[in-house]
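> Chains as they are written, first to last, in my numbering: chain V, 926 to 1033; chain R, 19 to 177; chain W, 22 to 246; chain X, 2 to 87; chain Y, -12 to 215; chain U, 300 to 403; chain H, 37 to 323. Heads up, the beta-carbon is just placed ideally off N, CA and C, and yes, glycines get one too. The model shown is predicted, which means the values in this text are computed figures rather than measured ones.
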Amino acid sequence: MDNQIIYLIYILSFVIGSIIGLVLSYKKYTEPFIKKNMDMVALIMAIIGWVLVLNNPLLMVIPYYITITIGIFLIALVIGMRPGYGRYETVIGFSVAGIIWIIRMGLT
Amino acid sequence: MRLGRLWNSLATPKRIPRVFSIILGLVLLAGFIVPLTYNDNQLYPRPTPQLQISEKDPLAPYDRGGVPLKEPGIVKAQYPNYAPAEGMITGYLSPISIGVSNTTLYYGTSIYSSPGGLIDEILYYSRGFDTFLESSILMMAFVVASWVAIHFTMRRRED
Amino acid sequence: MDLSTLGGQFIGIIPLGDIVLYFTTFNLFMFAAVLAFTVLIAISRTESQVEAQFGTLKDREKKVGKAEFKIRRFLAIVCGLATAGAMVTGDVFDFTLFVALIGIVNIGIVAAVKEIDVLDSAFQYGIIAMIASLPLFGGAAFILASSGTLSLLEIVNIPTTTLMLFGSILLFLGVAGETGVAPFFATKAEMFRTPGSPFLLIIHLSSLMVIVRIIEILLIINKPF
Amino acid sequence: MLDVYVWFYTGAFLVIFGSIGTAIGPGVKDPLIRTINTEIPAIGVSLIFLTYNHTIALLTFIAATTIISMILLRAIVRLEEMGAEL
Amino acid sequence: MSASVLVPSVVSPVVVSLYLPAVFTAILAALIGLLAISNQKNDLHTLILTDIVGVGMLILVAAVGTDLAESLILPGLVVELAEIMAISEILMSREMRKLGKTVELIPLPLNMNMEIMDTAPTFIAILLIAYGAFLTGFTGGAVAGGGILFYVLSKMTRGVPTNTWEGIAGASGIAWCLWLVGFLIFFIAPNYWLLALFLGAFGVFIKVTFKVGLVGVMGREEFKREKE
Amino acid sequence: MDHKYGKINMLEFINITSVSAAIIIIGAVGIIALPKPIDKVIMLTILQGGFVGMIVAGKYLDVAMAAALFDPIATVIFLIGIIKLDEIRKKKIKQKTQEERFLA
Amino acid sequence: MNLMADILLNVIIAFLVGSVLFGLQRKIMARIQMRPGPPIIQHLLHTFKFFIKESAFPKTAAMPFYIAITAMLCAIWVAAVIVGPVTEGSLLLFFAIYALHKIVEHNAGSSSGSPYGKMSCVRAVFSAAAELPLFAVLIIIYLKTGTMNIGNIVTYQGQYGPLIWGIPLAAMMFFVLILSKAPYSPFAITKGKDIISGYETEHFGLLRGYLMISESIAWYMLLWIFLTVFIGGLSPIGYLIGMILISALVALINATTPILNPNHSIMVQVSLAFIGVLGSIILLTVY
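1. In the DSSP output, what is X:Ile49 paired with across the bridge?
2. Check each candidate in H:Ala104, H:Leu288, H:Ile317 and name the one with the smallest Cα separation from H:Met70.
3. Look up H:Asn185 in the DSSP assignment and say whether it is helix, strand or coil.
4. Can you name the residues of chain H whose CB is closer than 7 Å to the CB of V:Tyr932?
5. Just list the alpha helix (DSSP H) runs in the segment 74 to 118 of chain W, keeping only unbroken ones of 4 residues or longer that don't cross its boundaries, in chain order.
6. Flag this pair as yes or no: are the beta carbons of H:Gly149 and W:Glu68 separated by less than 9 Å?
7. Tell me whether the beta-carbon of R:Leu44 lies closer than 9 Å to the beta-carbon of Y:Ala17.
8. Look up W:Val41 in the DSSP assignment and give the residues it is bridged to.
9. To the nearest angstrom, report how far apart W:Val231 and H:Ser307 are at their CA atoms.
10. Am I right that H:Val56 and V:Val940 are in contact with their C-beta atoms under 8 Å? What's the rounded C-beta distance?
11. Quick check: what's the CA-CA separation for R:Arg36 versus W:Cys100?
12. Pick helix, strand or coil for W:Ser172, following the three-state DSSP scheme.
13. If you compare alpha carbons, which of W:Phe47, W:Asp39, W:Ile223 is closest to W:Ile32?
14. Which residues of chain U have a Cβ atom closer than 7 Å to the Cβ of Y:Val199, listed in chain order?
15. Under 8 Å, with one C-beta from each stretch per pair, do the segment 38 to 46 of chain W and the segment 103 to 112 of chain H reach the 3-pair mark?
16. Relative to the C-alpha of W:Thr110, which candidate in W:Phe52, W:Ser218, W:Asn243 has its C-alpha closest?
17. With DSSP as the reference, label W:Gln70 as helix, strand or coil.
18. Can you name, in chain order, every residue of its own chain whose Cβ lies under 6 Å from the Cβ of W:Leu96, other than the five neighbours on each side?
19. When you compare the CB of U:Phe377 with every CB in chain Y, is at least one pair closer than 9 Å?
20. Answer with yes or no whether the minimum CB distance from R:Asp138 to chain W is below 9 Å.
21. Using only the alpha-carbon positions, how far apart do H:Ile186 and H:Met40 sit?
22. Count the other CB atoms within 10 Å of the CB of V:Val1016; is the residue buried (16 or more) or exposed (fewer)?
23. DSSP three-state call for Y:Leu97: helix, strand or coil?
24. Under 9 Å Cβ-Cβ, which residues of chain H neighbour V:Val940?
25. Compile a chain-ordered list of the residues in the segment 52 to 70 of chain Y whose CB is closer than 8 Å to at least one CB of chain R.
26. Would you mind stating whether H:Tyr256 and H:Phe84 have Cβ atoms separated by less than 9 Å?
27. Find the residues of chain X that neighbour Y:Phe125, judging by a C-beta separation of less than 7 Å, and give them in chain order.
28. Use the C-beta contact count for V:Met965: other C-beta atoms within 10 angstroms, 16 or more gives buried, fewer gives exposed.
29. Please find out if some non-hydrogen atom of the ligand FMN comes closer than 8 Å to the beta-carbon of Y:Leu61.
30. Should V:Asn928 be flagged as near chain H, meaning a C-beta pair shorter than 9 Å?
31. Taking the alpha helix (DSSP H) that Y:Pro8 falls in, what are its first and last residues?
32. For H:Ser126, which beta-bridge partners are listed by DSSP?
33. Would you kindly report the start and end of the unbroken alpha helix (DSSP H) that includes V:Phe1019?
34. In whole angstroms, give me the CA-to-CA distance for R:Pro53 and W:Phe163.
35. Straight-line CA distance for W:Gly28 to H:Thr183?
36. My output table needs one value for R:Glu89: the three-state DSSP class, helix, strand or coil.
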């Protein structure tokens, strides 16, 4: 039951994050995906988000579900962007977090 | 695409009864191989055929004992506990049938005993719900047939 | 083996002499669902089909006439009640009779229309239903002969014999034919081209629900373990 | 006791023989002839009912057979009258 | 009368020994019927052939050889009768629609100058109805209904309006309700079982009689139609 | 059944059951073999006669009575059907020939 | 009260996850077909959108019925959630719910009076002939495990390992069933684009919203049943990963196959069901 509430919160944060990401990205980019520039804000958000989700035990002060909720929200912001935007950011964020995760696994 | 054509042809309404009968025939063929284990511990068993009539029982072949309105007849029902008046109908004889059974041996008088008698016990009481459905089936069939007859067959000039 | 393995919690019985209706969660759910649909059908109007005509810009409206509407609604309600009964009955022969009633009423619902194609598939379906009465009642008779009883509440405690298996296969074929289920749906699908969707719903509803129920009955009769 | 077996096997013979006659007998292309032929299995079934002493079922069956043959004849005559080619 | 003559504890060995041949007979008959159907292209012939399949079904049920089996034959019989009637009606209505108005139905005067047709029907019909009245229930209904049917069929009772028809149908509906009430009394107030029995038996009797009689009204249309 | 003929063994088989069985089989073969519908109906009455004999052998006289009542009905129904069909067919042939004549 | 909260929670999870999975599926299909594709959240947004749109009812519709059918569809899938994740009840009951779903799908189409709906209705009846045999895979599960209770099946799998290894053909059949429920699948004849939106063509506004909600729940529930019954006893994360994987696989198949002609679609499914049932029974008797 408690577990399910937490997962519901994750899903909700994903959904809300995606919606906000979509809305904001439409404001920010008025044309369809043409330029292959990297969006720095999105990149940072993606990295932070993925790191938070995959490596939440690093932040021992905050309960894990809050970390993950914030992380999912940030990920969703990037994933949910206008079609075409946010792809590279997500991939980079995921790989950075993955590397950290592997290092962490190797250390412990 | 021969397979496709076969699938198409299987979906033609006109062919379906024939396909069904072939399938059913194939399944029925298995009936010759299946060991037909008859369980002789049945509900509502009846005496050997012609036994009652050769014993000169005037109520043959439906005599199951009992005294009308007093004593229930012998009935081997599935759930005797759900049928409080069990056996009474079997034992019941209408006045006509009492008269007939006193005068002659060779009329299967239990037919005259209707209402009453063994089959009525099963038909109306212990398995009465079957009869309910059965008469509903008959009624629905007549509703359908007569509706079609009235609206299409007879008034055909109207449309 | 008992009934609750299949249908969930055992709720209760309604004894009518030898015929005992029983309720498990499964039966009760199906019973309630069928009744809900029946009520819905009883209060609904029919839709009218609008089709474009060739040559002109006009539309053609296909409606259900009043006399037709009345008879079809009546038959649809009967069919719904019969289906609801088939969901809860605890007697093999009673079940077959319910199915036979559903079959004849289904034929009636489509027989009241005017399209030739639909009448044709109604006729073919009727022929199947008639042929299917052999496996339907024959299967029930085999089950009676080999087990000595027809009540599902008793059969559940009797070990399966080969004849019971054969009888239940026949029973299944009979139900499939009588309700027009796979792979004989083609006749039935043709019948749905006519207007009057609430009534057509009950045809489909009855066949699917009865199929679900027959699976329960087959599993009760044939105990694999 | 012998009687019972005579009834039964005569009935069984009639059922099978009559069915074959109805299915592939001479002249069964005519629906009328086919309907008359169906009377043979019907009598066979009656005899089997008699074997088992299903008296009331037998009575009902005799009545029902007559009604069924009437319904079938009605359909035959009617379709023929219309000149329907099925 | 010993109890074993009345009701034995198990089914008699004669019935058990006959089970195998009976089932084989039924399966054979059904197989013949099914094979014939699978080769049949004519719808009318298919309809006639389903009769044979029905015969197989009746034998299968009868072969169980108990009182229960006998009471189960009756539903099978009724289902068979009911379906054949509804389907034949559909077949006719389909053909009628298919041919449309182009083929005018020529009403033929039927000249049957047979002696037997004048005297026999009334007598036989009265006998049958009287006999059916003795029987009650399904059997009685079928017998008496057969009598009515035969009478209507062979006599010149023309011009039965739709109202009469609906009246008869309504009467049989009421009879059906009688039967239902009887059935309920059995379980709600078992003390009055005799009343319930009579209600049930006569309800079914009246219902079946009227319904079967209706066939005659339908049949009259065909066999006794005259020039309009 | 009839033991007064008991002197010769063979005659023991000639009781009402076997005689009616023989009649029934004759009737059945006749129905299938004879081509004309009217002949078939005659054979049908023979078949039904044998059947009534069988029932009488079983001593169910009431069933025999019902059968005896219904048999003529079946016969009459078949007769009506045959006559009617005959008429329709004749008429059709006539129409056909007339049309052919008209065309010629 | 606790039960009510549990039901509500599960229904909301089912709805949200189902919608997002549908979105994901569209996205994957689009990428395979070299299109950017809509955002993953798109399906969910569509659902919400329909709730604020104006609702219109066709003049030709069969009135109380046309509206009630959407509520009915919602109700039966909520019932499915109750049977599934909440109470872990009988699989047979789930089968009944699926059958009811077919009925509602059929009638949502025909009650509007639109010819497209009618076509979809005819096809729904037709496809029921194929989908019910597929669903009969539950019987094989029963024959294998000896129970119909979802909870007991999970404990059985805890003992003997996932059922997908024991009865792979059954899993294949169930996967075909899931495939047939996905939009744009080769078997989705009831919603094929040749008949506009199939049975949903004439349902606008609020009603369409309800239909979409129930479809999302249905998708989630089908995947849930598949994972529970064939793999068993997963953690929520496991469920999520499993569902995403299946959705992706389905999307891959859908993106690369054409929609079949109705007859052929049915017969392919029937043939698969036939092979599956026969093969499974042979496998069961061999082991």
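Short version:
1. Its beta-bridge partners do not exist; DSSP assigns none.
2. H:Leu288
3. strand
4. Ile49, Pro272
5. 87 to 109
6. yes
7. no
8. W:Pro36
9. 23 Å
10. 7 Å
11. 27 Å
12. strand
13. W:Phe47
14. Result: empty, since nearest Cβ-Cβ is about 12 Å, beyond 7 Å.
15. no
16. W:Phe52
17. strand
18. Val126, Gly129, Ile130
19. no
20. no
21. 20 Å
22. exposed
23. Confidence is the limiting factor: at Y:Leu97 the pLDDT is only 47, short of 50, which leaves the residue's position unreliable and the question unanswerable from this model.
24. Leu52, Ser55, Val56, Ile77, Leu80
25. Gly52, Thr53, Asp54, Leu55, Glu57, Ser58, Leu59, Leu61, Pro62, Val65, Val66, Leu68, Ala69, Glu70
26. no
27. Thr61
28. exposed
29. As far as ligands go, the structure on display features none, and thus does not contain the ligand FMN.
30. yes
31. 0 to 25
32. H:Asn185
33. 1012 to 1032
34. 11 Å
35. 10 Å
36. strand
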